[in-house]
Structures are given as structure tokens and as C-alpha cells.
Amino acid sequence: MVRARIITALLLCAVPALQLFGADFSTLKLSQRVTDLTGTLSPEEVITLESTLTEFEQATSTQLVVVLIPTTEGLPVEQVALAIAEGNGIGGKEKDNGVLLLIATGDRLVRIEVGYGLEGALTDVLSGQIIRREIIPHFREGRHYEGIRAGIDAIILATKNEYQAGPEPDEFLSMLPFIIIFITTLLIFFAQARAHRRGGFFGGPGWVYHTGGRGGSSWSGGGSGGGFSGGGGSFGGGGASGRW
Amino acid sequence: MKSRGVLIALIVIGLIVVFVLAAVLYGIGVYNSLVSHDEKVQAAWSQVESQYQRRADLIPNLVETVKGFAAQEREVLLGVTEARARVSQLTVTREVLEDPAAFARFQQVQDRFTSAISRLLAVAENYPNLKSNENFLALQNQLEGTENRIAVERMRYNDTVRGYNTAIRRFPASTIAGMTGFREKQYFQAKEGAEEAPRVTF
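Going down the list, the sequences are from chains A and B.
Start counting the first sequence at 15; every next residue gets the next number (this note's numbering).
Start counting the second sequence at 277; every next residue gets the next number (this note's numbering).
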């Protein structure tokens, strides 16, 4: 009886997260740098991405945020990305150095929304190239984590003016390299999991885990010492979109 | 007696003076806030203009690139060039923002330019070499980004106009607005038909 009530309560907690965004997603508040509302990424993948993005912010003050939603509900992806980015004030108030990587998995839309301050380094052209060359090739194969990973790495390089776009992907290119990378990544995860289980799986950046539970992809994450909050950065509509 | 009469008169005059002073100070405050609203509208407007200009600046390069692969599409290329020329002839003064006909004309010229660009991009779909050309892809990215920025700045402009129009229509600010020449400004209207920027999917 009690258990049923607890389960119901937990389920009810999940529902608001999916429904109460307002018509234009402006009420979608982010408490983490990686927010997966589609269940596409595993908790380990979310944690890995979170730590990369946190380190990046600590090193450069640039706030790079990833959000996965099931659908844009008929709205242009540009409008949704801007609403989420501005609604959360991603990036610093003075520098406007925020970037949002938005993926609508059901609609197969992806957008990189770039704050005013980064438009010089992460130009529309670069954003478009990153989407075409780094993200979409993986997404087409259903490899969302790899696509996001590649996209984030490229965005980080671009903000340091170091991104070199390779040639446009050839559709007939062999998939073998990606398979090898994918298997290697899996092996590394398993090795890490085994190694860390003794010292606690969450030996890494301490801030995530002060909330006393798995930070992971929990929607209501934020809490003492952890979490993410925007610095009040603004956006002008720069960036690029793509679909796969 | 006489001194009491003078005293009352002085008090009344004093009250009138105080009242007039208060009214004048209030009026100045209202006027200044209307000026602030107006400046916000002008600032938002210049953002809109600079994004429209940015778009116009991309077009010569786009036309040359397309010509390199599809020179035979003369009509479409000419259409874009002419539309751009018409856009560059537009001059916008403060009065245009208040004149419905002039503002509508501005929007119409820009929208026709958007359509001409869309037609050019649609035609480019038929040329695979053009579609995969690095320069063309880069220009396309820039165009899409600029169209998006135009949409964002138009939205923000409309927000500042809303604030301004509300301020000048409210009473008693409306009287001061009428006396000092603040008139309602125009909104950008949503386009009939496709709201989406000209875009090619990969």
C-alpha cells in the first residue's frame, strides 16, 4: 500500500518535468549542464558529459549546456533554443559567453545556439560545419552519445579558435572506424566502473554528489554545492541548425 | 479685515503655485520616461536594420557562387539582384516608424527580398555540385543565421514598441505625449505564408 503510494508519487514527479514547459519552452529551467528529457543517454554518459562541461566552465567561464527534448511541439527549433537559452541566462552577464546544444530526438532536429559574446569564435558557419561533420554522422547511425561528444569537443575547440573542420563526410565512408571507437569506449567504461567500485563509483568531481544521491540525469537535481545556474548571458539568434 | 484678506489671498496663490509646480515636475517626469521608451525603440530598430543590412551584404557573394554553377538560371539570379537593389534604396527615418503606409512598404520590400532569396536557394537544390560546394554551404549557414537574427531582432523591436505604445496611450501620459509629438509606432506583422527562413535540409 505504502509502496504503491511511493511509486505513484515518484511517477507524478516525472510527469511535470515533461508537460509544464509552457507553449514555448520558456519555463524549462535547467539545473544541470546536461539535461536529457528523452532517456536517450545513460547515467554514465550524462555524468561524463557533465564533468567535461563543468571543467570547461571552470577553465574558461563559458557555459556550454546540452538539452535533449523529445519534440519541439511544432515550433521552429530556433525559437525553442532561444527560449531555453535566454530563459536560463546561459553564459555570463558581462561576457554573454553561453552555448546551448539542443537536440529534439523525436523531430530529429539539432541546433547550436550561440551567445552574443561567442559569435566571433563560434560563427554560424562553424556551427553549421560542426553539426554537419561531427554531430549528424553519428546521429544518423543512432549514436547519440558519440554525436553529442563529438559536437561538444568541437564546440570547445572552436571557442578557443582551434577547431579545424575536416572534409565534409562522405556518405560511402566505411563505418568500421566508428565501430572500433564505440567498442573501445564501452570497454573503457566497464574498466572504469570496475576500478572505481571499490572507492565509490563517484570518485570524480565532488560537487555533483553532495546532494547525497546519483546526480545523473535526474530532473530535480540541483542542490547544495552542485547543479548549474545560468549567469545571465544573452543571445541574438546566432548559431546553426540541422536535421538528420 | 484687510490683513486677513491678504493672508488668504497669499495662501491661495501659494497653493496654486505649489500645484502648478507639482504638475510641471510630474509632466517633466512623464516626458522623460517617454523619451526613454522612444530611445529603446530606436535602439531596437537600429538592431533590426543592421541585421537586414548584414543579409543584404551576403547576397553578392551568394549570387557569384551560384553563377559559377548555374549561370543559366538568369531569371532567378536577376530577381535576387533587383530585390537587393530595392532594399538598398530604402531609407528609414524616425517618421517611417510612425507612418503605417511607409512602414508597411518597408516590410514589403524586405519580404520580397526574402522570397527572391528563397527562390534562388530552391533552384540551387537542382545542382548537386553547387549544393556540396564549401563556399555555398558557408553562405547558406550565414544566411540562415542572419535570417534567424532578423527574426529575433524584429521580435525584440516589437516588444519595445509595445512598451512605448502602452506608455503614450495611458492617461495622463497621453496628454503630454499628444502635446510633445510622441506618436504610436508600427509593429512588424507576421508574414502571410511561410514564417520559416529560407533553408535547405541536408
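The beta-carbon is built from N, C-alpha and C at its ideal position, and this holds for glycine as well.
These figures come from a predicted structure and were not determined experimentally.
Taking a Cβ-Cβ threshold of 8 Å, the residues of chain B close to ALA254/A are ASN417, GLU420 and GLY421, in chain order. Less than 7 Å separates the beta-carbon of ASN434/B from that of TYR463/B.
The Cβ of ASN308/B sits no closer than 7 Å to any Cβ of chain A.
For VAL293/B, there are no CB contacts under 8 Å within the same chain when 5 residues up- and downstream are skipped. Close CB contacts of LEU55/A within its chain, under the 8 Å cut and outside five residues either way in sequence, are with VAL48, LEU63, LEU82, HIS158, TYR159, ILE162 and SER231 (chain order). Against chain A, the beta carbon of ASN424/B has neighbours under 7 Å at GLU92 and GLY251, listed in chain order. Within the stretch 86-165 of chain A, the complete beta strand (DSSP E) segments at least 3 residues long are 112-118 and 123-129, listed from N- to C-terminus. With a beta-carbon spacing of about 6 Å, ILE335/B and VAL356/B fall inside the 8 Å limit used to define contacts. In this chain, the beta strand (DSSP E) harbouring GLY252/A covers 249-257. Interface criterion met: the Cβ of ASP138/A is under 7 Å from a Cβ in chain B. Excluding sequence positions up to five before and after THR422/B, its CB lies within less than 8 Å of the CB of GLN327, ARG330, ARG331 and LEU334, all in the same chain and listed in chain order.
A straight line joining the alpha-carbon of GLY253/A with that of LEU42/A spans about 20 Å. Distance from the CA of PRO448/B to the CA of GLY439/B, rounded to the nearest whole angstrom, comes to 16 Å.
Here VAL294/B carries a helix assignment [DSSP, helix/strand/coil]. Chain A has a Cβ within less than 7 Å of the Cβ of ALA414/B.
VAL300/B has a beta carbon lying at 7 Å or more from every beta carbon in chain A. Exclusion of the five residues before and after ARG125/A leaves VAL91, ALA95, LEU116 and SER255 as the residues of its chain whose Cβ lies within less than 6 Å of its Cβ. Residue THR66/A holds the alpha-carbon nearest to the alpha-carbon of ILE169/A among SER40/A, THR66/A and LEU51/A. The residue from LYS278/B, LEU353/B, GLU325/B and LEU406/B with its alpha-carbon nearest to that of SER364/B is GLU325/B.
Using a Cβ distance threshold of 7 Å, GLY105/A and GLY250/A do not count as a contacting pair. Annotation for VAL80/A: the continuous beta strand (DSSP E) segment containing it runs 77-83. Residue environment for LYS461/B: buried (at least 16 other C-beta atoms within 10 angstroms of its C-beta).
When C-alpha distances from VAL79/A are compared across GLY129/A, GLY134/A and PHE153/A, the shortest belongs to GLY129/A.
Residue pairing by DSSP leaves GLY457/B without any beta bridge partner. The C-alpha of THR367/B is placed about 20 Å away from the C-alpha of VAL437/B. Per DSSP, the beta bridge partners of THR49/A are VAL81/A. Look at VAL428/B: its C-beta is under 7 Å from a C-beta on chain A. Residue pairing for GLY245/A: DSSP places it in a beta bridge opposite GLY106/A.
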